[in-house]
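Enquirer:
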Amino acid sequence: MKSLACEVAGIRFRNPIVMASGTFGFGKEYAKMYDINKLGGISCKGLTLHPRKGNGGARLMETSGGMLNSIGLENPGIDAFLREEMRFWETIEPVKIANLGGSNIEEYVLGAMKITQDAEERRKQNRRAVDMIELNISCPNVKEGGVAFGIKTEVAREVVREVRQMTSLPLAVKLSPNAENIVHMAVMCEEEGAEAISLVNTFTGMKIDIYQRTSVFKNMYAGLSGPAIKPIALRMVHEVAKQVEVPVMGMGGIASASDVIEFIMAGASIVQIGTYNFMNLRAGEELLAGINSYMELENIQSLDEIRGII
Amino acid sequence: MHTILSNECIAEGIYAMKVKGHFQVNMGQFFMLRAWENHPILSRPISVCNVEHDHIEFLYKVVGEGTRLFAKLREGDSIQLEGPFGNGFVNQSGRVALIGGGIGIAPLLYTAKQFRNKPDIFLGFRDQSYLTEAYKPYANELHICVNGNVLEHIEWSRYDYVYTCGPYAMMKAVANLTKGLDVKVYVSFEKRMACGIGACYGCSTSTKQGNKKVCTDGPVFLAEEVDWHEEFSL
Ligand SMILES: Cc1cc2nc3c(=O)[nH]c(=O)nc-3n(C[C@H](O)[C@H](O)[C@H](O)COP(=O)(O)OP(=O)(O)OC[C@H]3O[C@@H](n4cnc5c(N)ncnc54)[C@H](O)[C@@H]3O)c2cc1C
Ligand SMILES: Cc1cc2nc3c(=O)[nH]c(=O)nc-3n(C[C@H](O)[C@H](O)[C@H](O)COP(=O)(O)O)c2cc1C
Ligand code: FES
Numbered sequence: 002m003k004s005l006a007c008e009v010a011g012i013r014f015r016n017p018i019v020m021a022s023g024t025f026g027f028g029k030e031y032a033k034m035y036d037i038n039k040l041g042g043i044s045c046k047g048l049t050l051h052p053r054k055g056n057g058g059a060r061l062m063e064t065s066g067g068m069l070n071s072i073g074l075e076n077p078g079i080d081a082f083l084r085e086e087m088r089f090w091e092t093i094e095p096v097k098i099a100n101l102g103g104s105n106i107e108e109y110v111l112g113a114m115k116i117t118q119d120a121e122e123r124r125k126q127n128r129r130a131v132d133m134i135e136l137n138i139s140c141p142n143v144k145e146g147g148v149a150f151g152i153k154t155e156v157a158r159e160v161v162r163e164v165r166q167m168t169s170l171p172l173a174v175k176l177s178p179n180a181e182n183i184v185h186m187a188v189m190c191e192e193e194g195a196e197a198i199s200l201v202n203t204f205t206g207m208k209i210d211i212y213q214r215t216s217v218f219k220n221m222y223a224g225l226s227g228p229a230i231k232p233i234a235l236r237m238v239h240e241v242a243k244q245v246e247v248p249v250m251g252m253g254g255i256a257s258a259s260d261v262i263e264f265i266m267a268g269a270s271i272v273q274i275g276t277y278n279f280m281n282l283r284a285g286e287e288l289l290a291g292i293n294s295y296m297e298l299e300n301i302q303s304l305d306e307i308r309g310i311i
Numbered sequence: 003m004h005t006i007l008s009n010e011c012i013a014e015g016i017y018a019m020k021v022k023g024h025f026q027v028n029m030g031q032f033f034m035l036r037a038w039e040n041h042p043i044l045s046r047p048i049s050v051c052n053v054e055h056d057h058i059e060f061l062y063k064v065v066g067e068g069t070r071l072f073a074k075l076r077e078g079d080s081i082q083l084e085g086p087f088g089n090g091f092v093n094q095s096g097r098v099a100l101i102g103g104g105i106g107i108a109p110l111l112y113t114a115k116q117f118r119n120k121p122d123i124f125l126g127f128r129d130q131s132y133l134t135e136a137y138k139p140y141a142n143e144l145h146i147c148v149n150g151n152v153l154e155h156i157e158w159s160r161y162d163y164v165y166t167c168g169p170y171a172m173m174k175a176v177a178n179l180t181k182g183l184d185v186k187v188y189v190s191f192e193k194r195m196a197c198g199i200g201a202c203y204g205c206s207t208s209t210k211q212g213n214k215k216v217c218t219d220g221p222v223f224l225a226e227e228v229d230w231h232e233e234f235s236l
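Listed in order, the protein sequences are those of chains S and Z. To convert, note that position 24 of the first sequence is 25 in our numbering; the numbers rise steadily by one, no gaps. To convert, note that position 28 of the second sequence is 30 in our numbering; the numbers rise steadily by one, no gaps.
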């Protein structure tokens, strides 16, 4: 029997397709487009302890083969998420990953505590709950915190250590491609007890309006995602997967089933799909069909046969 | 995938596209259109201009790469439509004026057809008018203004409801001119969009009730809810 299932941090994913934070909301909207219960998992929009209004000015801009975003972590805050969005999340099957942002260590820690408490209570009542925290130390679009934690390994270590102590949930850390040394960063996360590594977040980029003679974005820089970043993201996933034991959730520019297979061959256990959700509102369904065809064509029973073979 | 019935240039840089199919749409809603594989990355939001039993019509202006690609489509070509999305206009009964500026006239044709009592329609253009004949059967009075200020001729007290779509500055002027009067104004907003379905926060706009998503909470907002003081950017 052919199987797409995989395990990360003791959690079973029915397949390696996980929707990336910030591109899939909380899943409700896409549920109107296709059966999202087919997905392996969903990483929700980045949550912060307090609600955030996000950035003013332009938020989206296209580039050749990619897009820049400057959302600035707009989100309803953790309390509203647990109160409102969890009602929908309780009804769906994919693995539920809470993507956690913050602007200082205290915010990260308190946020992780709230999510953990809520999950423990729900589990006691036999209800579905958040399965994993994905610590986002890599958002380029917030002034304080965000990527500031994701550049230097020793600064990041403190956040990872504190959050690790505060949560009983499996912990993934999402790395920035802007890190000084992404392999060192990943090794540090493993040392501090993270059960998985997600990479990559967006690359810090820029766009200038030559007639206004200003940056298009109020925040000056913005985050680049989409097919344009895929070769670099793939190389980073490959480097990291070679150096850590914990599973890697790989992403960056995936826009086809063959892209998914490339990331798995580079060593990713799970892949995450971001910008492609905008290009194809039924991305999940179509990628799964494509992976199945590939496996049949290549006579593969399990993705383990090709994982990390490069 | 849907099939294009026709795609005609009806004025300089302005195209009318008919796409085959049966569509259930509310006035003021939009579709995300795509006629390419991966590049450009994003689909393009385009308002519903008209719906007939066997096709839907869009009116668009060529402003960049995406609309340039739309303009190249020919009869029989395929196009992907996702939607309809957005809240659309609320159907109110009373004395109604529809005010369109430039390509912003697009959603007002299908809108005009929805009222029991024909609305007065005001269409303003910078240098050339287009499609105005199509509005005639659905208008009580039809005013067309080229190269002037379409708002100058409007007696606001004659209306209970105003529906407007056009350049930001025009909609802001309508909001200002009707301030304090007993008339409800609906504006149809534009913002760059990525998902079009409310998942990405790319199209957030600031209102008096906090941030709203133009793609799902809008594109139609009550003028009094909009935060007109905020600096606008697409
Ligand atoms: C709800 C909604 C309904 C719309 N309905 C229509 C319509 O019926 N007919 C029509 O011609 N246009 C409509 N637009 C605008 C249309 O979406 C843009 O003109 C189009 O996306 C530009 O694509 P492009 O690739 O040609 O230009 P790009 O190369 O992407 O950009 C060129 C210029 O177009 C403008 N632009 C880009 N994206 C948008 C956007 N999402 N909204 C507004 N302006 C944008 C910018 O000023 C930019 O400088 C609508 C927009 C929204 C949000
Ligand atoms: C509009 C947008 C919003 C995003 N928001 C978040 C976020 O809140 N938290 C996060 O960890 N990553 C966020 N990301 C990054 C994506 O999850 C992903 O890491 C990145 O886009 C690279 O993958 P892709 O090329 O497939 O999009 C966002 C990306 C986009 C395009
Ligand atoms: S375009 Fe994504 S939320 Fe509106």
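Every residue, glycine too, gets a C-beta built ideally from N, C-alpha and C.
To be precise: take each residue of the region 21-50 of chain S, compare its Cβ to all Cβ atoms of chain Z, and keep it if any distance is under 9 Å. Which residues remain?
Expert: Hits within the stretch, in order: GLY23, THR24, PHE25, GLY26, PHE27, GLY28, LYS29, GLU30, TYR31, LYS33, MET34 and LYS46.
Enquirer: Is LYS33(S) near ligand 3, in the sense that its beta carbon is under 8 Å from a heavy atom of that ligand?
Expert: No.
Enquirer: What residue from GLU157(Z), ARG36(Z) and GLU14(Z) has the CA that sits closest to LEU282(S)'s CA?
Expert: Selected option, being the one with the closest Cα: ARG36(Z).
Enquirer: Are any of the Cβ atoms in chain Z nearer than 9 Å to that of TYR276(S)?
Expert: The sequence shown places Thr at residue 276(S), not Tyr. Yes, its Cβ sits closer than 9 Å to a Cβ of chain Z.
Enquirer: Taking all protein chains shown into account, do 16 or more other C-beta atoms lie within 10 angstroms of the C-beta of ILE311(S), making it buried, or fewer, making it exposed?
Expert: ILE311(S) should be labelled exposed.
Enquirer: Indicate, with yes or no, if ligand 3 has a heavy atom lying under 8 Å from the CB of THR218(Z).
Expert: Yes, the Cβ of THR218(Z) comes within 8 Å of a heavy atom of ligand 3.
Enquirer: Any chance the region 195-207 of chain S sits against the region 174-183 of chain S, with 3 or more Cβ pairs inside 8 Å?
Expert: Yes: at least three Cβ pairs fall under 8 Å.
Enquirer: With respect to 8 Å, is the separation between the Cβ of MET195(Z) and the closest non-hydrogen atom of ligand 3 below this value?
Expert: Answer for MET195(Z): yes, Cβ within range of ligand 3.
Enquirer: Going by Cα to Cα distance, which pick from GLN211(Z), GLY212(Z), ASP184(Z) and SER235(Z) is closest to GLU192(Z)?
Expert: The candidate whose alpha carbon is nearest that of GLU192(Z) is SER235(Z).
Enquirer: My output table needs one value for ARG308(S): the three-state DSSP class, helix, strand or coil.
Expert: Looking at ARG308(S) - three-state DSSP - the assignment turns out to be coil, as it is neither helix nor strand.
Enquirer: Can you confirm whether ARG60(S), when its beta carbon is compared against all beta carbons of chain Z, has any partner nearer than 9 Å?
Expert: Closer than 9 Å: yes.
Enquirer: Going by DSSP, what residue range makes up the alpha helix (DSSP H) through LEU111(Z)?
Expert: Looking at the DSSP string, the run of the alpha helix (DSSP H) that includes LEU111(Z) is 108-114.
Enquirer: Please check if any C-beta of chain Z sits within less than 9 Å of the C-beta of CYS75(S).
Expert: Per the sequence presented here, residue 75(S) reads as Glu, with Cys not at that position. Yes, because at least one Cβ of chain Z sits closer than 9 Å to the Cβ of GLU75(S).
Enquirer: Please report the distance separating the alpha-carbon of ARG129(S) from that of TRP90(S).
Expert: Taking the straight line from one Cα to the other gives about 8 Å.
Enquirer: If you measure from the beta carbon of LYS54(S) to each beta carbon in chain Z, is any gap under 9 Å?
Expert: By this cut-off, LYS54(S) is an interface position.
Enquirer: Along the beta strand (DSSP E) that carries ILE274(S), what are the first and last residues, could you check?
Expert: Where ILE274(S) is concerned, the enclosing beta strand (DSSP E) stretches over 271-274.
Enquirer: For ligand 1, any of its heavy atoms closer than 8 Å to the Cβ of GLU233(Z)?
Expert: No, since every heavy atom of ligand 1 falls outside the 8 Å radius drawn around the Cβ of GLU233(Z).
Enquirer: Closest to VAL238(S) by CA distance: which of GLU107(S), ILE271(S) and GLY103(S) is it?
Expert: Ranking GLU107(S), ILE271(S) and GLY103(S) by Cα distance to VAL238(S) puts ILE271(S) first.
Enquirer: Helix, strand or coil for VAL1(S) per DSSP?
Expert: Look at the range of chain S in this structure, 2 to 311, and you will see that residue 1(S) is not part of it.
Enquirer: Going by the CB atoms, is the gap between LYS3(S) and GLN302(S) shorter than 9 Å?
Expert: Taking 9 Å as the Cβ cut-off, GLN302(S) and LYS3(S) qualify as a contacting pair.
Enquirer: Among residues of its own chain, excluding the 5 on either side of MET172(Z), which ones have a beta-carbon nearer than 6 Å to its beta-carbon?
Expert: Contacts found: GLY103.
Enquirer: Quick check for students: name the residue ranges of the alpha helix (DSSP H) that lie wholly in the region 46-130 of chain S, counting only runs of 4 or more.
Expert: List check, alpha helix (DSSP H) in window: 87-90 and 106-125.
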